[in-house]
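Novice: I am attaching a structure below and will ask some questions about it afterwards.
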Amino acid sequence: LGDVDNRTATTLTFTTDADDHDLLANTAATGNLILIGDGNVNTLRGGGGADVLDGGTGSDYLTGGGGADQFRFDAAAAFGDDVVQDFQDGIDILNLDGLNPNYSIQIQNSGADALVRVLDGANAFAQISTITVVGQAGNITFSDLLLT
């Protein structure tokens, strides 16, 4: 593991740098946070408000904390293989922003986790990206997704 950057604020956006792993966190915050990662492996940790977490194009670890959180993924292209660690069914939302019209969504279970896969329908349904939703096997449905 390379360098680890720790950054704390109310609104944070990464810019691409040479680091291997970045941490964005403000777990003591009770307001609404907007945390946006970059192309590296990011760990984003929200606070007690209705936070927006967008890991960027790298493979990321997202924890919303309390509140009605939105985990946002740029589904117009590959966003990596991300892990949502504390999804609250019926409260939080998975936002697949800008879904490419050639892509399709598949939801399946893997042990205790739910997998949301983005597949390329124009390329023999090759896997583009995966969201692992920890501890939510059988709970994630299309009503948990926002397709924009």
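Last residue of the sequence shown? That's 140 in our numbering, and every number before it is there in order. Ideal placement from N, C-alpha and C gives every residue a C-beta, glycine not left out.
At 3 residues or longer, what runs of the beta strand (DSSP E) sit wholly inside the stretch 40 to 103?
Specialist: Runs of the beta strand (DSSP E) inside the stretch 40 to 103: 44 to 46, 53 to 55, 62 to 66, 73 to 76, 85 to 89 and 95 to 102.
Novice: Shortest alpha-carbon distance to Gly56 belongs to which of Asp66, Asp81 and Asn131?
Specialist: Nearest of Asp66, Asp81 and Asn131 to Gly56, Cα basis: Asp81.
Novice: For Ala116, count neighbouring C-beta atoms within 10 Å of its own C-beta (all shown protein chains included) and say buried if the count is 16 or more, exposed if not.
Specialist: Ala116 is exposed by the Cβ-count criterion.
Novice: Any idea what DSSP makes of Asp136, helix, strand or coil?
Specialist: If DSSP states are grouped into helix, strand and coil, Asp136 belongs with the helices.
Novice: Over what stretch of residues does the beta strand (DSSP E) that includes Asp105 continue unbroken?
Specialist: It spans Asp105 to Asp112 - the beta strand (DSSP E) in which Asp105 sits, taken as one unbroken run.
Novice: In the DSSP assignment, find the unbroken beta strand (DSSP E) run with Ala118 in it and report its ends.
Specialist: From DSSP, the beta strand (DSSP E) with Ala118 extends over Ala118 to Val125.
Novice: Considering Asn34, what are the terminal residues of the beta strand (DSSP E) in which it resides?
Specialist: It spans Val33 to Arg37 - the beta strand (DSSP E) in which Asn34 sits, taken as one unbroken run.
Novice: When the distance is taken between beta carbons, is Ser51 closer than 9 angstroms to Gly23?
Specialist: Going by C-beta atoms, Gly23 is not nearer than 9 angstroms to Ser51.
Novice: Just to confirm, are Ala107 and Leu138 a CB contact at a threshold of 9 angstroms?
Specialist: It is Leu, not Ala, that sits at residue 107 in the sequence shown. Contact: no.
Novice: Let me know if Ile123 comes out buried or exposed under the rule of 16 or more other beta-carbons within 10 Å of its beta-carbon.
Specialist: Burial call: buried.
Novice: Is the beta carbon of Leu27 sitting closer than 9 angstroms to the one on Asp46?
Specialist: Yes.
Novice: If you compare alpha carbons, which of Ser102, Val126, Gly127 and Pro93 is closest to Leu111?
Specialist: Of the candidates Ser102, Val126, Gly127 and Pro93, the one whose C-alpha sits nearest the C-alpha of Leu111 is Pro93.
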